[in-house]
Each structure stands twice: as C-alpha cells, then as structure tokens.
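Visitor:
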Amino acid sequence: MLPSIYLLSFSSLFLSTYAKATSHESRRLTARGDCGGSTQIMDKDDILALAQDLQNNNPNDMTDFPARARQHWSNGTAQVCIENNYYFEHTHVSRWEVGWAVEYIYDNCCNTAANSQCAGGYNTAHGDSGLSLAVQLQHKDEWCQ
3 MLPSIYLLSF SSLFLSTYAK ATSHESRRLT ARGDCGGSTQ IMDKDDILAL AQDLQNNNPN
63 DMTDFPARAR QHWSNGTAQV CIENNYYFEH THVSRWEVGW AVEYIYDNCC NTAANSQCAG
123 GYNTAHGDSG LSLAVQLQHK DEWCQ
C-alpha cells in the first residue's frame, strides 16, 4: 500500500508541474497593471476603439484557446495579444473579456490627459474554465510574444 501512495504523490507532482506556466510566463499572468512593454507608441483613440469593438460587436463570441495558443485583435495602431501559456490546459475566452482587459490596461497605463499616446501594458483575462490567459496591449506592428 505504501508504494502506491508514493506513486500517486509523484504523479500529481509531475502533472501539476507541467500544467503550470513557466516562471517567465507566469510573471505575465500575475503582472496585472504592469505598463509599457511596447517599443512603439499607440494612439489612445485606437485603444479605446479596439476595446469598444470587442465589447460591443458580438461580445459573447468565444475564441478557442487550446494549450500554448495565441490570438490577437487589432484596430488602427493598437493590438491586443492573448496567450494560453499552459501546456495541457484548454479554455475559451469571450470578446467581451478581451475588451475588458484592454480597457483595464487603458485605464491604468494610458489615461493621462496630457498625452494622446500610450506604450501599452499587461493584464490577465479569464477563460470560461477559469484559466488565466496572458494579455498584452501593444503596437500592431509588433510580434505577439
């Protein structure tokens, strides 16, 4: 009986280790509100238009995010990149949730009246399974990382 307990403990340790994002990637997951990250500046009106498009046009449409998948949406100079950093977890995310993440970044990183431009930032969105997805708001000419 004792060896099976060790086997079970080892199995759960192995699976939980590989189900998690790597340390570099999990920094992006927990970095809600981190600003910057884009090497090019975006127009704030484009950021708001992107958020409004995602939240108002088919907001309940779900995008499939299998393990290690990426997706992006853009409007003008603004682009939002979403990534499922997990190796074995699968989820779906609504357009509304992505738009909320964009607005959160805008409110925390771009909302200065004196400047009409923004360097983006990071946030977290949640899939229908509760899985956290990494969100980055950046210039549309940059590669989603």
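Start counting the sequence shown at 3; every next residue gets the next number (the numbering used here).
Note that the Cβ used here is the ideal one computed from N, Cα and C, for glycine as well.
#1: Just curious, the beta strand (DSSP E) that W75 is in, first and last residue?
#2: Which residue's Cα is closest to the Cα of E144: C83, M64, N62 and D36?
#3: Within 10 angstroms of the Cβ of T32, are there 16 or more other Cβ atoms? Answer buried if so, exposed if not.
#4: Within 7 Å: the Cβ of D143 and any heavy atom of the ligand NAP?
#5: Could you give the C-beta distance for Q119 and Q81, rounded to a whole number, given that I count them as a contact under 8 Å?
#6: Let me confirm a value: S40 is counted as buried when at least 16 other C-beta atoms fall within 10 Å, else exposed. Which label applies?
#7: Applying the 10 Å Cβ sphere with the 16-neighbour rule, what's the burial state of T114?
#8: Exposed or buried, what is S131 when buried is set at 16 or more other beta-carbons lying within 10 Å of its beta-carbon?
#9: Can you tell me whether N125 is helix, strand or coil according to DSSP?
#10: CB P68 to CB N86, shorter than 8 Å?
#11: Would DSSP call L139 helix, strand or coil?
#12: List, from N- to C-terminal side, the beta strand (DSSP E) runs of 3 residues or more that fit wholly inside the segment 48-72.
#13: Looking only at its own chain, which residues have a Cβ that is under 8 Å from the Cβ of H74, when we skip the five neighbours before and after it?
Guide: Per the coordinate set shown:
#1: Within the sequence shown, numbered from 1, the residue matching residue 75 stands at position 73. Element bounds for W75: R72 to N77.
#2: Residue mapping note: residue 144 aligns to position 142 of the sequence shown, counting from 1. Residue C83 holds the alpha-carbon nearest to the alpha-carbon of E144 among C83, M64, N62 and D36.
#3: Residue numbering aside, residue 32 sits at position 30 when the sequence shown is read from its first letter. In this prediction, T32 scores a pLDDT of 44, lower than 50, which makes its location untrustworthy; the coordinate-derived value is nonetheless stated afterwards. Exposed is the call here.
#4: For the ligand NAP, the structure offers nothing, since it holds no ligand at all.
#5: Within the sequence shown, residue 119 is the residue found at index 117, counting from 1. Within the sequence shown, residue 81 is the residue found at index 79, counting from 1. With a Cβ gap of about 15 Å, Q119 and Q81 do not count as contacting.
#6: Here residue 40 refers to the residue found at position 38 of the sequence shown. Classification for S40: buried.
#7: Here the question's residue 114 lines up with position 112 in the sequence shown. It counts as exposed.
#8: Residue numbering aside, residue 131 sits at position 129 when the sequence shown is read from its first letter. By the 16-neighbour rule on beta-carbons within 10 angstroms, S131 is exposed.
#9: The residue you call residue 125 lines up with position 123 of the sequence shown. Looking at N125 - three-state DSSP - the assignment turns out to be strand.
#10: For this step, residue 68 is matched to residue 66 along the sequence shown. For this step, residue 86 is matched to residue 84 along the sequence shown. Yes, Cβ-Cβ distance for P68 and N86 is below 8 Å.
#11: Translated into positions along the sequence shown, residue 139 becomes position 137. Three-state result, L139: strand.
#12: DSSP runs (the beta strand (DSSP E)) wholly in the segment 48-72: 64-67.
#13: As a working mapping, residue 74 is identified with position 72 in the sequence shown. For H74, where only same-chain residues beyond five positions count, the Cβ hits under 8 Å are Q81, V82, C83, I84 and C146.
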